[in-house]
Amino acid sequence: DTAVSQTPKYLVTQMGNDKSIKCEQNLGHDTMYWYKQDSKKFLKIMFSYNNKELIINETVPNRFSPKSPDKAHLNLHINSLELGDSAVYFCASSQPGLTTYEQYFGPGTRLTVT
Amino acid sequence: RKEVEQDPGPFNVPEGATVAFNCTYSNSASQSFFWYRQDCRKEPKLLMSVYSSGNEDGRFTAQLNRASQYISLLIRDSKLSDSATYLCVVNRGFQKLVFGTGTRLLVSP
Chain R
1 DTAVSQTPKY LVTQMGNDKS IKCEQNLGHD TMYWYKQDSK KFLKIMFSYN NKELIINETV
61 PNRFSPKSPD KAHLNLHINS LELGDSAVYF CASSQPGLTT YEQYFGPGTR LTVT
Chain P
1001 RKEVEQDPGP FNVPEGATVA FNCTYSNSAS QSFFWYRQDC RKEPKLLMSV YSSGNEDGRF
1061 TAQLNRASQY ISLLIRDSKL SDSATYLCVV NRGFQKLVFG TGTRLLVSP
């Protein structure tokens, strides 16, 4: 009954590989996000999708490609992984309303590139 | 300069103490404001929204000063379980949240 789930929880891979992280939310929210939290704990938005449509695309290398097959899923594919991609990646979802703006985060995927 | 600035701490306080965190933001067009809490190796979770009139939730009080672009969080009667990183968050519009780097709080017995 997890609200926002991500797989895998841990991912260790070598430079140059391609990997994917999956995210699913069962909250019925229209908007989903990917964030990156680096080693200094700085949490920065990468992408946002609203009802399968891309609405935020921050300055992220085009090696990162999000895909939203439906509004409950937002996956992140990373090509040609680099050492600097090592971080914790959080998926989140929200249903913006008039008085609140809570984003619900998944447990994170800890990516280590060696 | 970061868009949302916080003192990283750590703030070390004994149980029962009152502690206050401050945050400044640079974008005057920011629309709404929040405090999130993040425990070690966990995901961030909403602690409370911050309103211009100030708001309180139990032992937690949040204040917003739009003129000074300043947000604060006051925790009274600190508990061991309050130990965490507190993230100041600004909604810049278009569903984009900007997070500060967080203030770490350690409450000791």
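Just so you know, the protein sequences line up as chains R and P, in that order. Start counting the first sequence at 1; every next residue gets the next number (the numbering used here). Start counting the second sequence at 1001; every next residue gets the next number (the numbering used here). For each residue, glycine too, the CB sits at the ideal point set by N, CA and C. A quick note: this is a predicted structure, and the numbers were derived from the prediction, not measured.
Nearest-angstrom beta carbon gap, residue j and residue i [assumed within contact, 8 Å]
i, j, result
"P:Pro1044", "P:Leu1073", "At roughly 14 Å, the Cβ-Cβ gap does not stay under 8 Å, so P:Pro1044 and P:Leu1073 are not in contact."
"R:Lys71", "R:Asn51", "5 Å"
"P:Ala1062", "P:Trp1035", "6 Å"
"R:Leu111", "R:Leu11", "5 Å"
"P:Ala1029", "P:Gly1093", "7 Å"
"R:Ser68", "R:Tyr49", "5 Å"
"R:Pro96", "R:Thr31", "7 Å"
According to DSSP, residues forming a beta bridge with residue i
i, result
"P:Cys1040", "DSSP lists no partner for P:Cys1040."
"P:Tyr1086", "P:Arg1037, P:Thr1103"
"P:Arg1066", "Paired residues: none, contrary to the question."
"R:His29", "Paired residue(s): none; R:His29 is not in a bridge."
"R:Lys36", "R:Lys44, R:Tyr89"
"P:Pro1014", "P:Ser1108"
"R:Asp70", "R:His73"
"P:Leu1046", "P:Tyr1036"
Residue range of the unbroken beta strand (DSSP E) whose run includes residue i
i, result
"R:Thr13", "10 to 13"
"R:Leu54", "53 to 57"
"P:Gln1006", "1004 to 1006"
"R:Gln6", "4 to 7"
"R:Val113", "109 to 113"
Under the three-state DSSP convention, the category residue i falls into
i, result
"P:Thr1057", "Before going on, a small fix: residue 1057 of chain P reads as Asp here, not Thr. Here P:Asp1057 sits in strand by DSSP."
"P:Ser1081", "helix"
"R:Leu81", "coil"
"P:Asn1027", "coil"
"P:Lys943", "Missing from the structure shown is residue 943 of chain P; chain P here goes from 1001 to 1109 and no further."
"R:Glu24", "strand"
"P:Ser1052", "coil"
"P:Val1019", "strand"
"R:Asn50", "strand"
"P:Asn1091", "strand"
Chain-order list of residues whose beta-carbon lies under 6 Å from that of residue i (same chain, five-residue window excluded)
i, result
"P:Asn1012", "Leu1106"
"P:Thr1018", "Arg1076"
"P:Gln1031", "Asn1091, Gly1093"
Same chain, Cβ closer than 7 Å to residue i, five either side skipped, listed in chain order
i, result
"R:Asn57", "Phe47"
"P:Asp1077", "Gly1016, Arg1059"
"R:Thr13", "Lys19, Leu81, Val113"
"P:Ser1083", "Leu1105, Leu1106, Val1107"
"R:Cys85", "Reading off the sequence, residue 85 of chain R comes out as Asp, not Cys. Within the same chain, R:Asp85 has close Cβ partners Ile78, Leu111, Val113."
"P:Gly1009", "Thr1103, Arg1104, Leu1105"
Same chain, Cβ closer than 8 Å to residue i, five either side skipped, listed in chain order
i, result
"R:Pro8", "Ile21, Thr109"
"R:Gly16", "Ser80, Leu81"
"R:Gln103", "Tyr33, Ala92, Ser93, Ser94"
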